[in-house]
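All the letters of the sequence shown, read from the start, carry residue numbers 1 to 174 under full-length UniProt numbering.
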Amino acid sequence: MNGNYTVISRPLHKGNLSRFINRIRVLHKSAGFRLKELFRMIRHLLPCALLLLMITMLTGCTSDSVDTPLYEGQPLKIGIIGDAPAIRERNISFTGMSMDDLKEGAMLPGNIDAVFITKDHLSEAAKPQYAQTYKKAGVPFFFIESMKSYIPFVYENLSYEECMSQAIISLAAK
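Here it is in C-alpha cells:
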C-alpha cells in the first residue's frame, strides 16, 4: 500500500476478493479511527486556539500610555526644540526654541525651567558647539528618545552617530 491507494497485481477471484474486502475493512476502520482522533484533537485544540487569538488581538489593542498622576506642582515653562508633546497637565507650557538659541554665549530665556530636545534634533544637538551650553546653562536638558545617553552631547570630540561605536571600542580595549 502506498499512500491512499492500494495496488492489486493479481486478478480478483474468490480468495483474493475476500482478502481485498478485509483490507478495505481494515483501511476503513483505521481511516475512521484517524478521523475520530482528528476531530477529538480539533475539539480540544479549538478552545486553546481561540484563546490565543483573543489574547493576540487584545494585546494589539493595548494603549502605549502609562497612567501616571497629574503634575500638580508649580507651573513649569519648558523650552522645546522640536514638536511639543500632547500632555494632560494645564500648569505646564512649552516654548518653541531653535538650536540657534543654544549656541555658545547665547542666553536662554530666564523663565525656562528645562529644555527638551526631541529625537529629530539629536544629531544636531550633539555638535561640539553646544557642549558647553549644556554644562553651564543652569537648567536641565532632556534628550528625548536618545539611545546614546548624555555622552555625545557633553563631550565635544564625539558625534551622535559615532558615540555607540566609540563606546564599544573603548570597552573592548579594557
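For glycine and all other residues, C-beta sits at the position ideal for the given N, C-alpha and C.
The DSSP-derived three-state label of K77 is strand. Non-local C-beta neighbours of I78 in its own chain, meaning closer than 8 angstroms and more than five positions away in sequence, comprise I92, S93, F94, T95, I112, D113, A114, V115 and F116, ordered along the chain. Within the region 85 to 153, the runs of alpha helix (DSSP H) that reach at least 4 residues and sit entirely inside it are, in chain order, 122 to 125 and 131 to 136.
Looking from the CA of G73, the closest CA among S146, M99 and E89 belongs to E89. One alpha carbon belongs to A49, the other to D67, and they sit about 32 angstroms apart. With a threshold of 16 other beta carbon atoms within 10 Å, I87 falls short and is exposed. By the neighbour-count criterion, in which 16 or more other beta carbons inside 10 Å mark a residue as buried, L102 falls on the buried side. With distances taken between CA atoms, D100 lies nearest to A125 out of D120, A125 and G110. An exposed status is given to Y150, since fewer than 16 other beta-carbon atoms sit within 10 Å of its beta-carbon. Using a Cβ distance threshold of 8 angstroms, L108 and A137 count as a contacting pair. DSSP places L38 in the helix class (H, G or I) of the three-state scheme. Taking all protein chains in view, the Cβ of M54 is surrounded by fewer than 16 other Cβ atoms within 10 Å, so the residue is classified as exposed. C-alpha of H44 to C-alpha of T59: approximately 24 angstroms in a straight line.
K119 and F142 have their C-alpha atoms roughly 11 angstroms apart.
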